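Q:
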Amino acid sequence: MSRPFVNASVRQPLDVTSVVTAIPVTIYATGWNAAITRSQKIDVVSDDFVCEPPKTASFRFGKPRIKTFSYAFPEGPDWQTSVGDKVKKPSKRSASPRSVKRSATHLKPPTDIVKLQDRLYYMLQPPLETILNSESLHMPLEPFPYQYEGVAFLYTRYAAILADEMGLGKTMQAITSIRLLLRASEVRGVLLICPKPLVTNWKREFTTWAPEIPVSIIEGNQTKRHWLWQQPHLPVKIANYELLMRDRDVVLDSGLSFDLVVLDEAQRIKNRSSTTSQITRAITRTRNWALTGTPIENSSEDLVGIFEFLSPGYLHSGMTARRMGKAAGDYILRRTKDRVMTDMPPKLFRDAELDLSPEQWASYKTAEDEGIVQLEDMGSELTIQHVFELVLRLKQICNFDPATGASSKLERLEADLEEVVASGRKAIVFSQWVKTLDKMRDRLKRFGTLEYHGKIPSKKRDGVISQFKEDPSKHVILMSYGAGSVGLNLQFCRYVFLFDRWWNPAIEDQAINRAHRIGVAGSVTVTRMLTLGTIEERINQVLEEKRALFDIILSQTGAPSSYGLSKDEVFGLFNLKLPKNEAA
Amino acid sequence: MTASGPISSPSIGFLTVRDFPELGLIGGYLVLNTTGRPLEFHCTAPVRPNRTQEILYGPTLVPYLYGEQIAQTLLGKAKAKPLFICTDVEPALAVRNFVATPVTLVSENKAASDKLHCFQLGTREAAVFANRQQDQEAIATLWREHAEELDLLEPFNRLHEAIDEAQRGAARSAAA
Numbered sequence: 113m114s115r116p117f118v119n120a121s122v123r124q125p126l127d128v129t130s131v132v133t134a135i136p137v138t139i140y141a142t143g144w145n146a147a148i149t150r151s152q153k154i155d156v157v158s159d160d161f162v163c164e165p166p167k168t169a170s171f172r173f174g175k176p177r178i179k180t181f182s183y184a185f186p187e188g189p190d191w192q193t194s195v196g197d198k199v200k201k202p203s204k205r206s207a208s209p210r211s212v213k214r215s216a217t218h219l220k221p222p223t224d225i226v227k228l229q230d231r232l233y234y235m236l237q238p239p240l241e242t243i244l245n246s247e248s249l250h251m252p253l254e255p256f257p258y259q260y261e262g263v264a265f266l267y268t269r270y271a272a273i274l275a276d277e278m279g280l281g282k283t284m285q286a287i288t289s290i291r292l293l294l295r296a297s298e299v300r301g302v303l304l305i306c307p308k309p310l311v312t313n314w315k316r317e318f319t320t321w322a323p324e325i326p327v328s329i330i331e332g333n334q335t336k337r338h339w340l341w342q343q344p345h346l347p348v349k350i351a352n353y354e355l356l357m358r359d360r361d362v363v364l365d366s367g368l369s370f371d372l373v374v375l376d377e378a379q380r381i382k383n384r385s386s387t388t389s390q391i392t393r394a395i396t397r398t399r400n401w402a403l404t405g406t407p408i409e410n411s412s413e414d415l416v417g418i419f420e421f422l423s424p425g426y427l428h429s430g431m432t433a434r435r436m437g438k439a440a441g442d443y444i445l446r447r448t449k450d451r452v453m454t455d456m457p458p459k460l461f462r463d464a465e466l467d468l469s470p471e472q473w474a475s476y477k478t479a480e481d482e483g484i485v486q487l488e489d490m491g492s493e494l495t496i497q498h499v500f501e502l503v504l505r506l507k508q509i510c511n512f513d514p515a516t517g518a519s520s521k522l523e524r525l526e527a528d529l530e531e532v533v534a535s536g537r538k539a540i541v542f543s544q545w546v547k548t549l550d551k552m553r554d555r556l557k558r559f560g561t562l563e564y565h566g567k568i569p570s571k572k573r574d575g576v577i578s579q580f581k582e583d584p585s586k587h588v589i590l591m592s593y594g595a596g597s598v599g600l601n602l603q604f605c606r607y608v609f610l611f612d613r614w615w616n617p618a619i620e621d622q623a624i625n626r627a628h629r630i631g632v633a634g635s636v637t638v639t640r641m642l643t644l645g646t647i648e649e650r651i652n653q654v655l656e657e658k659r660a661l662f663d664i665i666l667s668q669t670g671a672p673s674s675y676g677l678s679k680d681e682v683f684g685l686f687n688l689k690l691p692k693n694e695a696a
Numbered sequence: 010m011t012a013s014g015p016i017s018s019p020s021i022g023f024l025t026v027r028d029f030p031e032l033g034l035i036g037g038y039l040v041l042n043t044t045g046r047p048l049e050f051h052c053t054a055p056v057r058p059n060r061t062q063e064i065l066y067g068p069t070l071v072p073y074l075y076g077e078q079i080a081q082t083l084l085g086k087a088k089a090k091p092l093f094i095c096t097d098v099e100p101a102l103a104v105r106n107f108v109a110t111p112v113t114l115v116s117e118n119k120a121a122s123d124k125l126h127c128f129q130l131g132t133r134e135a136a137v138f139a140n141r142q143q144d145q146e147a148i149a150t151l152w153r154e155h156a157e158e159l160d161l162l163e164p165f166n167r168l169h170e171a172i173d174e175a176q177r178g179a180a181r182s183a184a185a
């Protein structure tokens, strides 16, 4: 299509030619247009949306239940509680400066306490240092750490042996344990049995370490003793072994019972067949403690004997040393000075090896030669008693010549004592025989001499000790091993003389430890007198060999070493064979 | 050894949690009177978090276990209402969020944490949560009035020993 174009200036129409530019389109009948105009057909597919929920992990932040164990403590022990009616307000004496920094010693339940509550009862108590430093349990001196350990050991045990070496304070440890048990009302009646000479010492120690505990000594005539035994309100009764035998009927047959029985010097009951052992074993009691520095004096049988009191049948004769040591281990506490008292002044041994005087030597040779001949002539009738008699006779000659009174030992002793006295010190002289001490008396008089032995009445003995301690003019005390070897505190003495030697070094050690014990101000010099070429030298040799052997064996078991001479060894002193009747 | 009746004397609580690698966490709580005598002891069975707890609780797991789970359970078991509670493990302080009783961390050495407010309690170092500084005054006053003689660290020795003993006892029972 075209149309004339008009130029406005000329106003003359233009010719326009139209050209069709459309491209012809041929439409084929495909049917698509119809399809487009046709209504849509919709297919509906229905599906159910109810399906498995997606998997999830849930965690509740609630409080889970935790299993617990609870233990409410009983009312006691309250150590603040007083005992008896004799209560003193504790004095405010100052403790020793040892108490600068205290460790904490806890009560230790023994292995035979198995119930958890019972074990916790002990374990959760305050440390002993705290208890014993409380206002109402004042201690006159701060105990040593090992003494706290000893108290912790005894307190929890129904059967125990405190076997500390002499001088470490077994008495104080036992008293403190008793005191705590009484104040905690865990025990109400205690019986303490000790050798007769030690009764007053125990009483004195109770006054020092447990002044508020009423203590009664069983003594006096039979009526008074029976009355004392029967008093139910006396918390602590002290009796001696000898008296126990006299009062056995009232002790065993009158319905008496004790919460605790303590045996001091418990080696007294090592022989199971002895009357003492039988009576102590028959006492009705709940707890038993044995105190001894020498639980084994001659053989392991001694320990079996003590255990018959503590826990009958627990140890028996057939046990090997190792097995016995293991079984007894939890019941025995043994400490030695060299292990716990490292700062204690030393004990210096000086062996005075002397020749007999000519007079003594002549008497000695005669007695020995004749004696051996007599022993040999006795044949099968020879007993250990006969050998002992000869040994004792020879030992006495080693001390003094029976005819002239000559004594090389006494001469040496006098010389030594001159020095001791000149230095203002005090000395103890021990002998096996009171007769020997009698013979010294006059020659030593000038040194200010006191005597403490079997011939001194018991009632006077405390006075002798006090005088020796306090009187500056008294420098020497003559003591027999029997009377003076146990329980006495003579730590103010710096010199000990063993004029003759005891059969058993344990007894000698006990004697020496009267001076070398806690509180000793300086070293203690021990002079052991020994005459050369005599029976004394032979006995010493045998004992030294035994000491070495026992040390090897007993160091394996942890048990203390102590030993004497066997029958074989006694006969061997004179090269005699043990007769068959003695070997049984 | 029978249990006593209601406990009313002033007391102090000692709380600890011990980690036994083979068992898990064991909590212990000891209540002492002011002279140090034990009144109550409680301990938990071993608590061990599972893997999920470890992941989800993240860094809050330890205070959650020590403070919320173990300590709160133990304190809930006790009859005695102590004047204050001492702990020797810092995460156990978290129990303070659940109890009204002041709780303090006691140690030999000063705690080094921004979250804690440190102070001296006698010869011992003590600490409370920094946002609970008011506890310091309360604890110090109660300690001076009632327990000045008490060594606040010593009871933890007892507590640890007792937990060990209880754990040994449980092991023995399990073996029997």
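Those protein sequences? They're chains A and B, same order as listed.
Each residue of the first sequence is one higher than the one before, counting from 113 in the working numbering.
Each residue of the second sequence is one higher than the one before, counting from 10 in the working numbering.
Positions of the beta carbon are idealized from the N, C-alpha and C atoms, including for glycine.
All values derive from a computational prediction rather than experimental measurement.
1. Just to confirm, is the Cβ distance from residue 222 (chain A) to residue 268 (chain A) under 8 Å?
2. Go through its chain and collect everything with a Cβ distance to residue 417 (chain A)'s Cβ below 8 Å, but skip five positions before and after it.
3. When the cut-off is 8 Å and only beta carbons count, does residue 131 (chain B) lie next to chain A?
4. For chain B, check one thing: does any of its Cβ atoms lie closer than 8 Å to the Cβ of residue 267 (chain A)?
5. Could you give the distance in angstroms between the alpha-carbon of residue 681 (chain A) and the alpha-carbon of residue 654 (chain A)?
6. Compute the distance between the beta-carbons of residue 174 (chain B) and residue 613 (chain A), then report whether it is under 8 Å.
7. List, in order along the chain, the chain A residues whose C-beta lies closer than 9 Å to that of residue 96 (chain B)?
8. Consult DSSP for residue 749 (chain A) and reduce its assignment to one of helix, strand or coil.
9. Going by C-alpha to C-alpha distance, which of A:275, A:626, A:300, A:469 sits closest to residue 539 (chain A)?
10. Is it buried or exposed, residue 351 (chain A), if we count other Cβ atoms within 10 angstroms and call 16 or more buried?
11. Quick one: which residues of the stretch 603-620 of chain A get their C-beta closer than 9 Å to a C-beta of chain B? List them in chain order.
12. Would you call the CB atoms of residue 25 (chain B) and residue 169 (chain B) closer than 8 Å?
13. Please state whether DSSP places residue 24 (chain B) in a helix, a strand or coil.
14. Decide if residue 322 (chain A) is buried, meaning its Cβ has at least 16 other Cβ atoms within 10 Å, or exposed.
15. What span of residues does the beta strand (DSSP E) with residue 326 (chain A) cover, start to end?
16. Distance, Cα to Cα, residue 39 (chain B) vs residue 237 (chain A)?
17. Give, in chain order, every unbroken run of the beta strand (DSSP E) that is at least 3 residues long and sits entirely within the stretch 245-304 of chain A.
18. List, in order along the chain, the chain B residues whose C-beta lies closer than 8 Å to that of residue 297 (chain A)?
19. Any idea if residue 304 (chain A) is buried or exposed, counting beta-carbon neighbours within 10 angstroms, 16 or more meaning buried?
20. Identify every run of the alpha helix (DSSP H) within the stretch 62-141 of chain B, keeping only runs that are complete inside it and at least 4 residues long; order them along the chain.
21. When you compare only the Cα positions, how much space is there between residue 491 (chain A) and residue 652 (chain A)?
22. Would you be able to state if there are at least three C-beta pairs under 8 Å between the stretch 529-547 of chain A and the stretch 30-38 of chain B?
23. Have a look at residue 326 (chain A) and residue 116 (chain B) and give me their C-alpha separation to the nearest angstrom.
24. May I have the straight-line CA-CA distance separating residue 670 (chain A) from residue 274 (chain A), to the nearest angstrom?
25. Could you give the C-beta distance for residue 356 (chain A) and residue 363 (chain A), rounded to a whole number, given that I count them as a contact under 8 Å?
26. Out of B:69, B:163, B:114, which has the shortest C-alpha to C-alpha gap to residue 141 (chain B)?
27. Terminal residues of the continuous alpha helix (DSSP H) containing residue 707 (chain A)?
28. Any C-beta of chain B sitting closer than 8 Å to the C-beta of residue 454 (chain A)?
29. Find the nearest neighbour of residue 471 (chain A) within the set A:459, A:684, A:511, A:465, judged by alpha-carbon distance.
30. Of all Cβ atoms in chain A, is any one closer than 8 Å to the Cβ of residue 178 (chain B)?
31. Please state the DSSP three-state secondary structure of residue 498 (chain A).
32. For residue 137 (chain B) and residue 145 (chain B), which I take to be in contact (beta-carbon distance under 8 Å), what is that distance rounded to the nearest angstrom?
33. Taking 8 Å as the CB-CB limit, is residue 69 (chain B) close to chain A?
34. Assign residue 136 (chain A) to buried or exposed, taking buried as 16 or more other Cβ atoms, counted over all protein chains shown, within 10 Å of its Cβ.
A: Looking at the coordinates:
1. In this structure, residue 222 (chain A) lies near residue 268 (chain A), with their beta-carbon atoms less than 8 Å apart.
2. Here the set comprises 381, 382, 383, 384, 389.
3. So, not an interface residue.
4. So no, residue 267 (chain A) is outside the interface.
5. So the two alpha carbons sit approximately 8 Å from each other.
6. Against a cut-off of 8 Å, the Cβ pair of residue 613 (chain A) and residue 174 (chain B) comes out as no contact.
7. Neighbours of residue 96 (chain B) on chain A: none; closest Cβ ~17 Å, over 9 Å.
8. Missing from the structure shown is residue 749 (chain A); chain A here goes from 113 to 696 and no further.
9. Out of A:275, A:626, A:300, A:469, A:626 has the C-alpha closest to the C-alpha of residue 539 (chain A).
10. So residue 351 (chain A) ends up on the buried side.
11. Those residues of the stretch 603-620 of chain A that come within reach of chain B (Cβ to Cβ, closer than 9 Å) do not exist; the list is empty.
12. Contact: yes.
13. Looking at residue 24 (chain B) - three-state DSSP - the assignment turns out to be strand.
14. Residue 322 (chain A) comes out buried.
15. Counting along the chain, no beta strand (DSSP E) covers residue 326 (chain A), and no H or E run does either.
16. Straight-line Cα distance between these residues: approximately 11 Å.
17. List check, beta strand (DSSP E) in window: 271-274.
18. Those do not exist, as residue 297 (chain A) stays about 12 Å from chain B at its closest Cβ, beyond 8 Å.
19. Residue 304 (chain A) counts as buried, since at least 16 other C-beta atoms from the protein chains shown sit within 10 angstroms of its C-beta.
20. Listed in chain order, the alpha helix (DSSP H) elements of length 4 or more contained wholly in the stretch 62-141 of chain B are 81-86.
21. Here the C-alpha atom of residue 491 (chain A) lies approximately 27 Å from the C-alpha atom of residue 652 (chain A).
22. Contact between the stretch 30-38 of chain B and the stretch 529-547 of chain A is absent, because fewer than three Cβ pairs lie under 8 Å.
23. For residue 326 (chain A) and residue 116 (chain B), the gap between their C-alpha atoms comes out near 43 Å.
24. Bear in mind that the predicted position of residue 670 (chain A) carries a pLDDT of just 47, short of 50, making it too unreliable to give a figure here.
25. Contact between residue 356 (chain A) and residue 363 (chain A) holds: CB atoms are separated by about 6 Å, below the 8 Å threshold.
26. Nearest neighbour of residue 141 (chain B) by Cα position, chosen from B:69, B:163, B:114, turns out to be B:114.
27. Past the boundaries of the shown model lies residue 707 (chain A); chain A is included only from 113 to 696, so the question cannot be answered.
28. Not closer than 8 Å to any Cβ of chain B, the Cβ of residue 454 (chain A) fails to qualify, so no.
29. Comparing Cα positions, the closest option is A:511.
30. Yes, residue 178 (chain B) counts as interfacial toward chain A.
31. The answer is helix: DSSP assigns residue 498 (chain A) an H, G or I state.
32. With 8 Å as the limit, residue 137 (chain B) and residue 145 (chain B) qualify as a contact, their Cβ atoms being about 6 Å apart.
33. For residue 69 (chain B), the answer is no, since every Cβ of chain A falls outside 8 Å of its Cβ.
34. Residue 136 (chain A) should be labelled exposed.
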